[in-house]
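All remarks here apply to the structure that follows.
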Amino acid sequence: MPSLFASYLRVYEPLAAFDRDHQLYWRRYVKEGRAVTLTDGPVRQRTAVLEALGAGWTRLPDLPDEAYVLEADDTLLVCPWNLRIRVAEAALTARDGVPSVIADAFVPPVLAGLAQTIVDDWRSGDRVLERGLPRVHEQVATWGVPLRWFVFVDLEERELSLRPGRRVLRYRTEISKARRRAHRACAVLRRAIGDAPITVAVEETARWLEEFHSRSIVELDYGGLVTLMSDDTLAADDSPGLVSAGLSNVARGDADAATEVYEKLVDRWRAVQLLERCN
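Structural data, given as structure tokens:
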């Protein structure tokens, strides 16, 4: 279940990426003004998941199709929520670290098995592409931004607003650019450090991007994290630039410069992560 203090990596796909029934649905959805704003979306998602978990269900419930909507160059793009997968993830999380008797009372084993199948399916890009399974258009990270996400965007693509009531920091880019950056990063990391965790993480996210339409838009949104950061901190944030510089240093074999950049990034985002423990 997403925290309000979370960041998001989203993909908006053009209507051409969906079958005819879904195209009609999303056109009607937008025309009727039902599209959810990026500000209201996280709360709506969390509420839907909590209500589903508290309903005493013995199967995955039917949930409404909701989405974020973006219009770019007169093209309508949609980022569906796919709440069914969110509920499946939450069901499995609810069983983690809980005695089996209590876990079974909240999430029966048969339902946990179904939830695990759904989660396994969407995590397998091959199954998504081959069987037409619903794609997960949004990844969520709480109390920070995964450093690998900065690989896919450029500092010049930043959108910043510090207005009261609309504090926003996000990056939007064409998916073709995000893929090129991902492939470059994977090549550099694979050549320099091999099968390290960061290499694997970037490769996994790069494969995820391959599931989507070639005219999609990728968005890295700081979401609720902006409430934890001052105006000066947000204005000065250059994390994508630092990641790009770090990769360039790795490619040149300048380990000292690459380490300096990495430590700067880790220190910056550790300060945000530590806020989770404050009360």
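Under the UniProt record's numbering, read the sequence shown as residues 1 to 279, first letter to last.
Where a beta carbon is used, it is the ideal one built from N, C-alpha and C, also for glycine.
What would DSSP say about Y25, mapped onto helix, strand or coil?
It is helical.
Compute the Euclidean distance between the alpha carbons of A187 and R28, then round it to the nearest angstrom.
Whole-angstrom Cα-Cα distance: 43 angstroms.
Expressed to the nearest angstrom, what Euclidean distance is found between the alpha-carbon atoms of L147 and P64?
Straight-line Cα distance between these residues: approximately 33 angstroms.
Can we say the stretch 156-169 touches the stretch 71-79, given the rule of at least three CB pairs closer than 8 angstroms?
At 8 angstroms Cβ cutoff, the stretches do not touch.
With H, G and I counted as helix, E and B as strand and the rest as coil, what does DSSP make of R252?
R252: helix per DSSP, three-state reduction.
Does the Cβ of V11 lie closer than 6 angstroms to at least one heavy atom of the ligand ATP?
What this structure holds is no ligand at all, so the ligand ATP is not there to describe.
Quick one: any contact between the stretch 207-226 and the stretch 245-259, if contact means 3 or more CB pairs under 8 angstroms?
No contact exists between the stretch 207-226 and the stretch 245-259.
Output the boundary residues of the beta strand (DSSP E) element that contains S7.
Where S7 is concerned, the enclosing beta strand (DSSP E) stretches over A6 to P14.
With DSSP as the reference, please indicate the residues paired to V168 in a beta bridge.
V168 pairs with S161.
Quick check on DSSP: helix, strand or coil for residue 283?
Nothing about residue 283 can be reported from this structure: the residues present for the chain run from 1 to 279 only.
Is G246 near Y262, with beta carbons less than 7 angstroms apart?
Their beta carbons are under 7 angstroms apart, which means G246 touches Y262 by this criterion.
For L220 and A88, I'd like the C-alpha separation in whole angstroms.
Near 24 angstroms, if we compare the C-alpha coordinates of A88 and L220.
For a test of the three-state rule: what should DSSP assign to L129, helix, strand or coil?
Low confidence applies here, because L129 scores a pLDDT of 48, under 50, leaving its location unreliable; read the following figure in that light. L129 falls in the helix class under three-state DSSP.
Of all the beta strand (DSSP E) runs that stay within the bounds of the stretch 197-230, which reach a length of 3 or more residues?
Segments of the beta strand (DSSP E) lying fully in the stretch 197-230: 217-221.
Taking the beta carbon of P80 as the centre, do at least 16 other beta carbons fall within 10 Å, making it buried, or is it exposed?
By the neighbour-count rule (16 or more Cβ atoms within 10 Å), P80 is buried.
Buried or exposed, going by whether 16 or more other CB atoms sit within 10 Å of the CB of G33?
G33 is exposed by the Cβ-count criterion.
Take the Cβ of V43 as the centre, count every other Cβ of all protein chains shown within 10 Å, and call the residue buried at 16 or more, exposed below.
With fewer than 16 Cβ atoms within 10 Å of its Cβ, V43 is classed as exposed.
Can you tell me where the beta strand (DSSP E) holding L76 begins and where it ends?
T75 to P80 is the span of the beta strand (DSSP E), which, as asked, contains L76.
Do V153 and P240 count as a contact pair if the criterion is CB distance below 7 angstroms?
Cβ atoms of P240 and V153: closer than 7 angstroms.
Would you mind stating whether V272 and L234 have Cβ atoms separated by less than 7 angstroms?
No, the Cβ-Cβ distance between V272 and L234 is not below 7 angstroms.
Let me know the secondary structure DSSP gives E89 once reduced to three states.
Correct three-state label for E89: helix.
Consult DSSP for T142 and reduce its assignment to one of helix, strand or coil.
T142: strand per DSSP, three-state reduction.
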